[in-house]
Structures are given as C-alpha cells and as structure tokens.
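> Quick one: the structure is below, and I'll ask about it shortly.
Residue numbers (the working numbering): 870 to 929.
Right, here's the structure in full:
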C-alpha cells in the first residue's frame with residue numbers, strides 16, 4: 870500500500886481569492902485532524918464544492 874497523502878501546504882497569505890475554493894482547501898487541511906471515516910466525508914464535500922465551482926467558472 871502506498872503512503873497516504875499529507876495535508877496541503879500552508880497557504881499563508883497566498884490564498885486563491887475565491888471564497889468557495891479557499892473554504893474547500895481549508896476543509897481538506899482540517900480533515901487530517903478527523904477520524905478516518907470523517908475524513909472521507911470531508912474530502913467528498915470539498916471535492917463537490919470544487920467541482921461545482923469549476924463548473925461555474927467554465928460557464929463564464
């Protein structure tokens with residue numbers, strides 16, 4: 870089995886400047902403190918937020 874990916878690097882002040890994307894990235898980073906079963910739900914929610922956000926960007 871391969872190594873589990875770690876949390877994303879600290880973004881500091883260099884955020885994406887898109888509230889939904891910033892919130893999803895923070896949620897992914899915070900998921901590392903949760904129990905594994907709860908991490909999955911957090912990752913799925915962040916994925917859905919990013920997918921929806923990218924879809925709206927593609928439409929503009």
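We treat Cβ as the ideally placed atom computed from N, Cα and C, and that holds for glycine.
(1) Have a look at residue 914 and residue 893 and give me their C-alpha separation to the nearest angstrom.
(2) Suppose the cutoff is 8 Å on Cβ atoms and the five residues either side in sequence are ignored; what does the same chain contact list for residue 912 look like?
(3) Only counting the same chain, and skipping five residues up and downstream in sequence, which positions put a Cβ closer than 8 Å to that of residue 887?
(4) Measure the C-alpha to C-alpha separation of residue 910 and residue 904 and round it to an integer number of angstroms.
According to the data block:
(1) 8 Å
(2) 897, 900
(3) 922
(4) 10 Å
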